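Undergrad:
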Amino acid sequence: MDIKNLVSQMTLEEKARFCSGADFWHVEGLERLGIPSVMVTDGPCGLRKQAGESDHLGLNASVTAVSYPTGSCVACSFDRQLIRESGEVLGEECQAEDVAVLLGPAVNIKRSPLCGRNFEYFSEDPYLAGEMSVAYIKGVQSKHVGTSLKHFAANSMEHRRMSSDSVVDERTLREIYLPAFEKSVKEAQPWTVMCSYNRFNGEFASQNHRLLTEILRDEWGFQGAVVSDWGAVSDRVKGVPAGMDLEMPGPGIGNTEKLVQAVKDGRIAEKDIDIAVERILDFVYKYAENRQPDTKFDHERDHAKARQMAAESMVLLKNDGILPLDKAAKVAFIGKFANAPRFQGGGSSHVSCYKVSGSVEAAKAYGVTYAQGYNTKTQEPDDEMIIQAVETAKAAEVAVLFIGITDAMESEGFDRKDMKIPACQQKLIEEVLKVQRNTVIVVECGSAIEMPWIDDVRGVLYAYLGGEAVGPAIVDILYGDVNPSGKLAETFPVRLEDNPSYLYYFGEADRAEYREGIFVGYRYYDKKDMPVLFPFGFGLSYTQFAYSDLVLDKTEMKDTDQLTAVVRVKNIGDRAGKEIVQLYVADDESTVIRPVKELKGFEKVELAPGEEKTLKFTLDKRSFAYYNTEIADWHVETGDFTVMVGKSSRDIQLCAKVKVESTQPIKKVYSMDSILGDIMANPKGADMVNAMMQNMNPFGGAEAPEDDSEAIMAGDAMQAMMGYMPLRGLVMFAGGSPEVERQMQQIVDALNA
Ligand code: BGC
4 MDIKNLVSQM
14 TLEEKARFCS
24 GADFWHVEGL
34 ERLGIPSVMV
44 TDGPCGLRKQ
54 AGESDHLGLN
64 ASVTAVSYPT
74 GSCVACSFDR
84 QLIRESGEVL
94 GEECQAEDVA
104 VLLGPAVNIK
114 RSPLCGRNFE
124 YFSEDPYLAG
134 EMSVAYIKGV
144 QSKHVGTSLK
154 HFAANSMEHR
164 RMSSDSVVDE
174 RTLREIYLPA
184 FEKSVKEAQP
194 WTVMCSYNRF
204 NGEFASQNHR
214 LLTEILRDEW
224 GFQGAVVSDW
234 GAVSDRVKGV
244 PAGMDLEMPG
254 PGIGNTEKLV
264 QAVKDGRIAE
274 KDIDIAVERI
284 LDFVYKYAEN
294 RQPDTKFDHE
304 RDHAKARQMA
314 AESMVLLKND
324 GILPLDKAAK
334 VAFIGKFANA
344 PRFQGGGSSH
354 VSCYKVSGSV
364 EAAKAYGVTY
374 AQGYNTKTQE
384 PDDEMIIQAV
394 ETAKAAEVAV
404 LFIGITDAME
414 SEGFDRKDMK
424 IPACQQKLIE
434 EVLKVQRNTV
444 IVVECGSAIE
454 MPWIDDVRGV
464 LYAYLGGEAV
474 GPAIVDILYG
484 DVNPSGKLAE
494 TFPVRLEDNP
504 SYLYYFGEAD
514 RAEYREGIFV
524 GYRYYDKKDM
534 PVLFPFGFGL
544 SYTQFAYSDL
554 VLDKTEMKDT
564 DQLTAVVRVK
574 NIGDRAGKEI
584 VQLYVADDES
594 TVIRPVKELK
604 GFEKVELAPG
614 EEKTLKFTLD
624 KRSFAYYNTE
634 IADWHVETGD
644 FTVMVGKSSR
654 DIQLCAKVKV
664 ESTQPIKKVY
674 SMDSILGDIM
684 ANPKGADMVN
694 AMMQNMNPFG
704 GAEAPEDDSE
714 AIMAGDAMQA
724 MMGYMPLRGL
734 VMFAGGSPEV
744 ERQMQQIVDA
754 LNA
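Numbering (our numbering), first residue to last: 4 to 756.
(1) Just the C-alpha distance for residue 21 and residue 32, rounded to the nearest angstrom, thanks.
(2) Between which two residues does the beta strand (DSSP E) containing residue 636 stretch?
(3) Decide if residue 63 is buried, meaning its Cβ has at least 16 other Cβ atoms within 10 Å, or exposed.
(4) For the beta strand (DSSP E) that residue 154 lies in, which residues bound it at each end?
(5) Per DSSP, what are the beta-bridge partners of residue 651 in this structure?
(6) Could you tell me if the beta carbon of residue 194 falls within a distance shorter than 7 Å of some heavy atom in the ligand BGC?
(7) Using only CA atoms, which one of 581, 617 and 387 lies nearest to residue 569?
(8) Is it buried or exposed, residue 219, if we count other Cβ atoms within 10 angstroms and call 16 or more buried?
(9) Which runs of the beta strand (DSSP E) spanning at least 3 residues fall entirely within the segment 246–324, listed in chain order?
(10) Going by C-alpha distance, which of 524, 509 and 485 is nearest residue 502?
(11) Scan the segment 465–541 and note each continuous beta strand (DSSP E) run of 3 residues or more that stays entirely inside, going in chain order.
(12) How far does the beta strand (DSSP E) with residue 198 in it extend, from its first residue to its last?
(13) With a threshold of 7 Å, establish whether the CB of residue 353 neighbours any heavy atom of the ligand BGC.
(14) Would you say residue 26 touches the ligand BGC, meaning its beta carbon is less than 7 Å from a heavy atom?
(15) Within the segment 723–747, note down every full alpha helix (DSSP H) run reaching 4 residues or more, in order along the chain.
(16) Going by other Cβ atoms of all chains shown within 10 Å of its Cβ, with 16 needed for buried, is residue 282 buried or exposed?
(17) Since I believe residue 424 is in contact with residue 407 (beta carbons under 8 Å), could you give me their beta-carbon distance rounded to a whole number of angstroms?
(18) Let's test the definition: count the other Cβ atoms within 10 Å of the Cβ of residue 596 and tell me whether it reaches 16, buried, or not, exposed.
(19) Where DSSP assigns a beta bridge to residue 45, which residues make up the other side?
(20) Any heavy atom of the ligand BGC closer than 7 Å to the Cβ of residue 45?
(21) At which residue ranges does the segment 177–220 contain complete alpha helix (DSSP H) runs of 4 or more residues, listed in the order of the chain?
(22) Taking the beta strand (DSSP E) that residue 589 falls in, what are its first and last residues?
(23) Spatial neighbours of residue 490 within its chain, please: C-beta separation below 7 Å, excluding the five flanking residues on both sides.
(24) Whole angstroms is fine: what's the gap from residue 110's alpha carbon to residue 754's?
(25) Going by alpha carbons, who is nearest to residue 751 out of 364, 682 and 296?
(26) Does the beta carbon of residue 93 fall short of 7 Å from some heavy atom of the ligand BGC?
(27) I need the boundaries of the alpha helix (DSSP H) containing residue 696, first residue and last residue.
(28) Any heavy atom of the ligand BGC inside 7 Å of the beta-carbon of residue 586?
(29) Identify the continuous beta strand (DSSP E) that holds residue 571 and give its terminal residues.
(30) State the DSSP-derived secondary structure class of residue 118, mapped to helix, strand or coil.
(31) If contacts are defined as beta-carbon pairs under 8 Å, then residue 146 and residue 91 qualify, I think. What distance do you get, rounded to the angstrom?
(32) By how many angstroms is the C-alpha of residue 419 removed from the C-alpha of residue 412?
(33) The beta strand (DSSP E) spanning residue 431 covers which residue range?
(34) Measure the C-alpha to C-alpha separation of residue 122 and residue 347 and round it to an integer number of angstroms.
(35) So the alpha helix (DSSP H) residue 627 belongs to, where does it begin and stop?
(36) Whole angstroms is fine: what's the gap from residue 701's alpha carbon to residue 662's?
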């Protein structure tokens, strides 16, 4: 389709109308020119296609669809192929339901465990979030259906989400909050990007030229259309030239009129509107011209996929040998979630499910008994239910307690207040533990919780929000039909107060300063060397893996070179299993403040008992770089780096060193205000200063103390103090001598030459 030509035939009014949706879910169409009106739908983990009444909070019904595990769950699979396949399935479902764009993936960074929407987001780590996102986008879009990469940007909080101002410094933005978006755009070109509700550094994302045009398009090369989050538009006239193409939901009658008027008044150019409409029509036709109307939505097949995804993602956090359960053992499943699982989050991602299976039903063949244990409508313990649960646990050989956060506590639109489970569940655990030592906990919720009972239970399986087939998937793992292989995509702190954003998270009114900077998640806990409940990248298996022979293909390289690392991994247990091998990079010595290590690669590998495989990782400049705000670019400091390969961020198995040389040395500029320590750090400066210092005493010849030890102290102290002395200070202490000043200036000039 010749889109430019099409747009040239539209009137200004028609074009302005296209800049917002036709209704809640449809993009405008135009019969006169044969332009179809296509539908967009949530996302990300299942279709929420509303045929009847519409809303963006998941309140009204949508067509029956399959609910897949949410982002926080699938990210723990660390499995690009699995995510890609799930994207393909979702893309097919969209074709079957005539949906042009699926509103996902959601790639915001988990800054705090409290964010109500963490269940939808992948990780605290930008590299992992980016890899998952690319796989998802490629999967969906391979079916000629678009995605909407959301929510752009710095939208890691639900509290005051439509008015808050995320105040983020440039380095933090580039290293933590943007890379998942950047990678997705550069490697997968989502058809659309959804701008977030919040302000970013003072300006709403929906009218933020820097975000939507300078960074997204000019720097990263985004080719698609920007869509507003539902209701995110503040000033539409400002938004169009800023790069915000499609306002949703529609119809934005008032804003259409404002745009027309703004063009007539000369406040914005008509060509800006043309560009927005061209971008919108571009994805409309990409879909319409590749429509596959015969695609069928096979609910059973897709339900099976949901089960596989859940089983490959959930994380075994503790196991003293009690798992897998003996199929002949007398097992009690306790807790409402065992029967009626919590498997998806509240809000716009809420799917009307095809079928939901609980674990009690799935484990019927093993003769499990069941007691409800608690209500989900209240946090208050129900004494009757607890007594019954305790009896059931006592009568069994093993008790499996299903607990988690309720819908009312964790959802889009607001944040959690703490990391605790409901009081009734806490009480249930305590009472059951009094009568049953063989207790395993299964957790169903979207984010991290505190576990004060961790030392008293024998096993913990973290199912997250595992989608509609979570029940059988849990049973697959509990009874060993599937060997668990998920690893945490986020750190579990011991307690909420340990989290780096704790002091600032809710901000002051609308101002939310991201003051912890780049120290998000393990970047913070590692730097502080703090104990955590479970580290990033942690997860157990029913088998064991041994790592050996980490080899780098070079020991010295330029930052423009690529580095290849290989490592051997062997299954040394007696069960087949999958291992997630993680590669971290550490800058051994740096003049900038950097995390102890950062994730720069991972591979998931399947190994039969005794089998060994070699895994290969490729590292490039970005793997070693930090964002240097002085040059507004990624920069590698010349020096030694350690490449670490581990089972988790806190279980590094092998290390190797490489020296990386920067091809972009940063020229230091010296002046009379430069301090002696910095001058001496430059070899040429050190030589010149040493020669000069022999002839002068900046402290006017004060006597050295008589006591020897004091003399040493005084000498050290003086040296330390002198290191911070600016050159102009030396001149001053030399009585303002013009000769000394001339000599100092000579050093400055020589170093700047
Ligand atoms: C959410 C988006 C969602 C949109 C449409 C908004 O409230 O933030 O993620 O895609 O509604 O339902």
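Quick reminder that beta carbons are idealized off the backbone N, C-alpha and C, glycines included. All figures in this text were calculated on a predicted structure; none of them were measured in a lab.
TA: Taking the structure as given:
(1) 8 Å
(2) 636–638
(3) exposed
(4) 149–155
(5) 654
(6) no
(7) 617
(8) buried
(9) 318–322
(10) 524
(11) 514–516
(12) 195–198
(13) no
(14) no
(15) 730–736
(16) buried
(17) 7 Å
(18) exposed
(19) 51 and 106
(20) yes
(21) 182–191
(22) 580–590
(23) 79, 81, 318, 540, 541, 542, 583 and 651
(24) 46 Å
(25) 682
(26) no
(27) 686–696
(28) no
(29) 566–574
(30) coil
(31) 6 Å
(32) 6 Å
(33) No beta strand (DSSP E) holds residue 431; the alpha helix (DSSP H) holding it covers 426–438.
(34) 8 Å
(35) 624–627
(36) At residue 701, the pLDDT of 49 sits below 50, so the modelled position is not reliable; the number obtained from the coordinates is stated separately. For residue 701 and residue 662, the distance between alpha carbons rounds to 40 Å.
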